[in-house]
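Before any comments, here is the structure.
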Ligand SMILES: [Zn+2]
Ligand SMILES: [Zn+2]
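In our numbering, the protein residues as written are 212 to 295.
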């Protein structure tokens with residue numbers, strides 16, 4: 212009988228590919244609590260859904276994994292405006 216892996220932050224049971232933390236939010240909370248070290252914050256790209264890391268200072272503004280995705284998002288926004 213195997214142990215059920217649990218989130219290192221909120222103790223929720225982990226599923227499938229999740230490791231250590233149930234969500235990026237919990238991971239960030241745990242990372243943010245570390246007193247020192249390069250704290251990399253995990254973000255999810257709003258375009259392709261991939262997770263990527265940013266420094267805390269950049270994380271708060273970051274929405275996309277790359278300039279390419281940023282371009283896609285901006286292009287979509289522009290197109291939406293044109294449609295309206
Ligand atoms: Zn959690
Ligand atoms: Zn992306």
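Cβ coordinates follow ideal geometry from the N, Cα and C atoms, glycine included. None of these values were measured; they are calculated from a predicted model.
Reducing DSSP to helix, strand and coil, say where residue i ends up.
{"i": "residue 254", "result": "strand"}
{"i": "residue 238", "result": "helix"}
{"i": "residue 217", "result": "strand"}
{"i": "residue 232", "result": "coil"}
{"i": "residue 224", "result": "strand"}
{"i": "residue 277", "result": "coil"}
Could you tell me if residue i is buried or exposed, where buried requires 16 or more neighbouring beta carbons within 10 angstroms of its beta carbon?
{"i": "residue 261", "result": "exposed"}
{"i": "residue 299", "result": "This structure leaves residue 299 out entirely; the chain is present only between 212 and 295."}
Out of the options, which has the shortest C-alpha to C-alpha gap to residue i?
{"i": "residue 237", "options": "226, 253, 228 and 227", "result": "253"}
{"i": "residue 256", "options": "279, 239 and 241", "result": "279"}
Skipping 5 residues on each side, what residues in its chain have a beta carbon closer than 8 Å to that of residue i?
{"i": "residue 243", "result": "250, 252 and 267"}
Can you name, in chain order, every residue of its own chain whose Cβ lies under 6 Å from the Cβ of residue i, other than the five neighbours on each side?
{"i": "residue 231", "result": "219"}
{"i": "residue 216", "result": "225"}
In chain order, what residues of the same chain lie with their CB nearer than 7 Å to the CB of residue i, ignoring the 5 residues before and after it?
{"i": "residue 275", "result": "256, 257, 258, 281 and 284"}
Q. What does the shell around ligand 1 hold, if a residue joins when its beta-carbon is under 5 Å from any heavy atom?
A. With 5 Å as the limit between CB and the heavy atoms of ligand 1, the residues that fall short of it are 218, 220, 221, 223, 233 and 237.
Q. Can you pull every residue whose C-beta falls closer than 5 Å to some heavy atom of ligand 2, listed in chain order?
A. Here the residues come out as 256, 258, 259, 276 and 280.
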